[in-house]
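Participant: The structure that follows is given in the form of structure tokens.
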Amino acid sequence: MNSLDNFARQLDDAAHQGRELAQIDPDNKLSMEDAYAIQKRSVGLRLARGERRVGVKMGFTSRAKMVQMGLSDVVWGRLTDAMQEEEGGDVNFSRYVHPRVEPEVAFILKKPLAGRVTPAEALAAVEAVAPALEIIDSRYRDFKFTLPEVVADNCSSSGFVVGPWHDPRTDVANLGLVVSIDGRPVQIGSTASLLGHPVRSLVAAARLSAAAGEPLQAGWIVLAGGATAAEWIRPGQHVCIEMQRLGSASFHVGEQAA
Ligand code: OOG
Ligand code: MG
103 MNSLDNFARQ LDDAAHQGRE LAQIDPDNKL SMEDAYAIQK RSVGLRLARG
153 ERRVGVKMGF TSRAKMVQMG LSDVVWGRLT DAMQEEEGGD VNFSRYVHPR
203 VEPEVAFILK KPLAGRVTPA EALAAVEAVA PALEIIDSRY RDFKFTLPEV
253 VADNCSSSGF VVGPWHDPRT DVANLGLVVS IDGRPVQIGS TASLLGHPVR
303 SLVAAARLSA AAGEPLQAGW IVLAGGATAA EWIRPGQHVC IEMQRLGSAS
353 FHVGEQAA
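Position in the sequence shown counted from 1, then plus 102, gives you the numbering used here.
Next comes the structure, spelled out in structure tokens:
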């Protein structure tokens, strides 16, 4: 087994078992190319277990997230069906290592979208748009990592919840949003923080996925990135996002299994 496969296996095991591991690249030797190769292989292990690819998530598309994590390049990860949690349902806390939640915008595509596209072309491929919550869960101890390490770890992808789908012609340029935990607002922001307009994140997703040989497909979901800093979540909490015009999405964090 070469070292990329070995890292992929370690990261997949940690994600599968919901346990943390030490940073894999303490000497800063991994290139971004290696990192994406590890990500592809580790998601490949999930697919081999029967999970189905359902889309792409973008990372570090807002200043709030870049500042929180101290990293500043836009990155992307692969979403599978097993990551989608039921809207309004219970998420199983024991499946996660040390989860955080962040507000996102979700697009679902009605057509493939590949390569260098304009914002208008990107919007023309959108079937619907929705408010979403991403549950990120770095597999690394203390949620600490370098850019290649987080990319190798599928950009902390772990869970996501999608709210009601809306007409793609809804203007999503600058929608106010509030994340509440147990009814208390904990993050307030706007969709404008996503590269100035969330559609720019979709444009970037189209370019980066095609460059990786996995162009965006009809039916795929694209998460545009966290619009605010992420918040820790704990068993027993109720987490909700309310977004202007698009409504709300929520979940309850189930008690830790004994
Ligand atoms: C990396 C994932 C970044 C986003 O929306 O910016 C991300 C992390 O913060 O652990 O999902
Ligand atoms: Mg995110």
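Even glycine gets a Cβ: it sits at the ideal position worked out from N, Cα and C.
Just so it is clear, the structure is predicted and the values come from calculations on it, not from any experiment.
In the DSSP assignment, find the beta strand (DSSP E) that holds Asp255 and state where it starts and stops.
Facilitator: Here Asp255 belongs to no beta strand (DSSP E), and DSSP marks it neither H nor E.
Participant: Let me know the secondary structure DSSP gives Gly146 once reduced to three states.
Facilitator: helix
Participant: Does the Cβ-Cβ distance between Val324 and Gly157 come in under 7 Å?
Facilitator: Going by beta carbons, Val324 and Gly157 fall inside the 7 Å limit.
Participant: Reducing DSSP to helix, strand and coil, say where Tyr138 ends up.
Facilitator: Tyr138 falls in the helix class under three-state DSSP.
Participant: Looking at the secondary structure, which residues open and close the beta strand (DSSP E) in which Val301 lies?
Facilitator: Per DSSP, Val301 belongs to no beta strand (DSSP E); it is in the alpha helix (DSSP H), Pro300 to Ala313.
Participant: Can you look up Pro250 in the DSSP assignment and give me helix, strand or coil?
Facilitator: helix
Participant: Counting pairs of Cβ atoms below 8 Å between the region 338 to 346 and the region 211 to 226, do you hit three or more?
Facilitator: no
Participant: What's the gap between the Cα of Thr220 and the Cα of Gly338?
Facilitator: 43 Å
Participant: Can you name the residues that DSSP bridges to Leu181?
Facilitator: Gly157
Participant: Report the rounded CA-to-CA distance for Ala306 versus Arg197, giving the unit in angstroms.
Facilitator: 30 Å
Participant: When you compare only the Cα positions, how much space is there between Gly179 and Glu223?
Facilitator: 22 Å
Participant: Only counting the same chain, and skipping five residues up and downstream in sequence, which positions put a Cβ closer than 7 Å to that of Ala360?
Facilitator: Annotation note: pLDDT 47 at Ala360 (below 50); position unreliable, no value reported.
Participant: Does the distance from the CB of Arg241 to the CB of Leu113 come in under 7 Å?
Facilitator: yes
Participant: Quick one: grab the DSSP three-state call for Ala360.
Facilitator: Here the model assigns Ala360 a pLDDT of 47, short of 50, so the residue's position is not dependable and the matter cannot be decided.
Participant: Would you check if the region 183 to 194 and the region 126 to 144 touch, i.e. whether three or more CB-CB distances between them fall below 8 Å?
Facilitator: The way I'd put it, the region 126 to 144 doesn't touch the region 183 to 194; fewer than three beta-carbon pairs between them come closer than 8 Å.
Participant: Going by beta carbon distance, what residues of the same chain come within less than 6 Å of Asp284, once the five residues before and after it are set aside?
Facilitator: Gln339 and His340
Participant: If Arg202 and Trp334 are in contact, beta carbons under 8 Å, what's the gap, nearest whole angstrom?
Facilitator: 5 Å
Participant: Any chance the CB of Gly157 is under 6 Å from a heavy atom of ligand 2?
Facilitator: no
Participant: Could you name each continuous alpha helix (DSSP H) segment of 4 residues or more that falls completely within the region 169 to 218, going from the start of the chain to the end?
Facilitator: none
Participant: Mapping the DSSP letters down to three states, classify Ala329 as helix, strand or coil.
Facilitator: In the three-state reduction of the DSSP assignment, Ala329 falls in the coil class, being assigned neither a helical nor a strand state.
Participant: Just to check, is the beta-carbon of Gly261 closer than 6 Å to a non-hydrogen atom of ligand 2?
Facilitator: Gly261 Cβ: outside cutoff for every heavy atom of ligand 2.
Participant: Using the three-state DSSP reduction, which class does Ile290 fall into: helix, strand or coil?
Facilitator: Three-state DSSP puts Ile290 in a strand.
Participant: Report the three-state DSSP secondary structure of Phe109 (helix, strand or coil).
Facilitator: helix
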